[in-house]
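Chains A and B, in that order, give the protein sequences. Residue numbering for the first sequence follows the working numbering, starting at 1 and increasing by one per position. Residue numbering for the second sequence follows the working numbering, starting at 1001 and increasing by one per position. Don't be surprised by glycine CBs; every beta carbon is placed ideally from N, CA and C. Predicted model only: the values in this text are computed from it and were never measured.
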Amino acid sequence: MGLINEDEALIAAALKGSAYAWEKLVKRYESRIFNYGVRITGNTSDAMDLTQEVFLGIYRNLHRFRGDAKFSSWIFRIAHNKAVDINRRKRLTTTLAHTNNDEPDFLETIADDNRYEPDKKLVDQQANSRVISMLARLSLEQRLVIELKVYQSLTFEEIADMQGVSANTAKTRFYTALKKLKAVSEENNVLS
Amino acid sequence: MSCPKTQHLLQEYFSDGLTPLAKKEIENHLNSCEQCNDEFEFFLLAHSNMKGWKDQSVPHWDRGLELFKREHRSEKESMGFWGRWQLVPTAISFVMLCVLLLNVSVISGERGFFVSFGANSSNLQLQYQLAEIQEQYLVEMDTLVNQVGEWLDSNNVQVLQVVMERTREATMENLDLIYTYFEQQRLRDLEDMRISYQELVDSDYETIRSLQQLARFVSYQDDAVR
């Protein structure tokens, strides 16, 4: 049985009330969603919140999934919307917190998260920290377009559809994001 | 100096469904344009760095199973034939609670039903109820005693019949045994008598022979003397 058919079988069983099918369905996608969350939010705590919200959204809307698109695409559409919501909420919280001067900034949050994972291999940690540091300098839209293009391998048409923009705009966002990464890199090289 | 083609070329390079011809053209331009080539090299490096991401393990969580089980359990319970009867125990409990709280007493008798609320039910009603209960109790006791007596009688007759039957069988067996014993004894006695008579006859015969021999001897002696 192919992965897509297996997804459909699991969805059908979960809709009939099979907790086992639901758990298996979650296990298939939780890692992808969680890592998506870490890259987008920059920390594991928000990523976990995002993961839980995404699967809650999937659970609430599972009966609406018609199988017209791939289940993975449907999930990432939900994840995309949740990421935008979380970012909006966080921006609001951060704005309020900044008035009290007690909220750590984005990169400090990443450092804190790494501190809580002492057993993770140093190399992996450095690679992930580098990625998160790079993505942290981008706007949410740019981060999302990089995420969807590089990690989820979506086409620009799919990204455009998900973000509600034209394919050309998605391409421009991707290019602008890469340009910004280059600028940041050059800036770091000058400073170092 | 910046190249006006850079953005367009790089956007197209990372686009989907790039034809081999278009790819070749872009590569030709990259070879001839240093600015585009630098940008392209950086983009590849950034892409490669981002692809170096190592998936982090997901912290433990319940995967929404509690919610899933809770909602599906309640959904199942509210459906079906038996699901509709689930409120019956609650309704019965509610009625009993009302009866207790309102101290409702319902008395049924030959004159009909009496329903009273509150703790002040009249003594007459209580006495009437008590007398009815006692009367009912006595009738039930009499019936019970009669039933027990009948049961004991029938039981005794059955026991006696069984005992007599068993005694009769045992007596017949004993009589048979005694008869057999006497018969055997009689036959043994007859045999003994026959043997005794035979011995007696043999003995008499021997005596006669002896006497005959003695007589012959005496006769011979007399002849010799003469």
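Subject >> Under 8 Å (Cβ pairs) to chain B, residues found in the stretch 136–157 of chain A >> reply: 146, 149, 150, 151, 155, 156, 157
Original post:
Do you know how far the Cα of residue 1010 (chain B) is from the Cα of residue 107 (chain A)?
Top reply: Unreliable positioning characterises residue 107 (chain A) in this predicted model, as indicated by a pLDDT of 46, which lies under 50. The coordinate reading is nonetheless provided below. Approximately 30 Å, taken between the alpha carbons.
**OP:** Enumerate in chain order the residues of its own chain whose CB-to-CB distance from residue 152 (chain A) is below 7 Å, with the five nearest sequence positions on each side excluded.
**Re:** 76
Original post:
What is the residue span of the alpha helix (DSSP H) that residue 1029 (chain B) lies within?
Top reply: 1020–1032
Subject >> Simplified DSSP assignment, three categories, for residue 37 (chain A) >> reply: helix
Subject >> Helix, strand or coil at residue 1115 (chain B) [DSSP, three-state] >> reply: DSSP places residue 1115 (chain B) in strand when its eight states are reduced to three.
Original post:
By a C-beta neighbour count over all protein chains shown, 10 Å radius and 16 as the cutoff for buried, is residue 138 (chain A) buried or exposed?
Top reply: buried
Original post:
At least one CB of chain A closer than 9 Å to the CB of residue 1059 (chain B): is that the case?
Top reply: yes
Original post:
Any Cβ of chain A within less than 9 Å of the Cβ of residue 1091 (chain B)?
Top reply: no
Original post:
Quick one: does residue 197 (chain A) have its CB under 9 Å from some CB of chain B?
Top reply: A query on residue 197 (chain A) cannot be resolved here, the shown segment of chain A reaching from 1 to 192 and no further.
Original post:
Mind checking residue 1098 (chain B): buried by the 16 CB within 10 Å criterion, or exposed?
Top reply: exposed
Subject >> Contacting positions in the stretch 60–94 of chain A - beta carbon closer than 9 Å to chain B >> reply: Taken residue by residue, none of the stretch 60–94 of chain A has a beta-carbon sitting less than 9 Å from a beta-carbon on chain B.
**OP:** Decide if residue 173 (chain A) is buried, meaning its Cβ has at least 16 other Cβ atoms within 10 Å, or exposed.
**Re:** buried
Original post:
So is residue 131 (chain A) in contact with chain D if we call contact Cβ pairs under 9 Å?
Top reply: As a matter of chain content, chain D is missing from the structure shown, whose protein chains are A and B.
Original post:
residue 10 (chain A) versus chain B: which residues are under 8 Å apart at the beta carbon?
Top reply: Chain B residues near residue 10 (chain A): none, gap ~13 Å exceeds 8 Å.
Original post:
For residue 27 (chain A), is the classification buried or exposed, using 16 other Cβ atoms within 10 angstroms of its Cβ as the cut-off for buried?
Top reply: exposed
**OP:** Confirm, please, whether the CB-CB distance from residue 1050 (chain B) to residue 123 (chain A) is below 9 Å.
**Re:** No; because the gap between Cβ atoms is not below 9 Å, this pair is not in contact.
Subject >> residue 111 (chain A) classed as buried or exposed, judged by whether at least 16 other C-beta atoms fall within 10 angstroms >> reply: Its pLDDT being 47, under 50, residue 111 (chain A) is placed unreliably by the model, and nothing is read from it.
Original post:
So, is residue 1167 (chain B) buried or exposed, given that buried needs 16 or more other C-beta atoms within 10 angstroms?
Top reply: exposed
Original post:
Does residue 161 (chain A) come within less than 9 Å of chain B when only Cβ atoms are used?
Top reply: no
Original post:
Quick one, are the C-beta atoms of residue 62 (chain A) and residue 14 (chain A) less than 9 Å apart?
Top reply: yes
Original post:
Does residue 30 (chain A) have its Cβ less than 9 Å from a Cβ in chain B?
Top reply: yes
**OP:** Quick one: give me the first and last residue of the alpha helix (DSSP H) that residue 1014 (chain B) is part of.
**Re:** Neither: residue 1014 (chain B) is in no alpha helix (DSSP H) and is coded neither H nor E.
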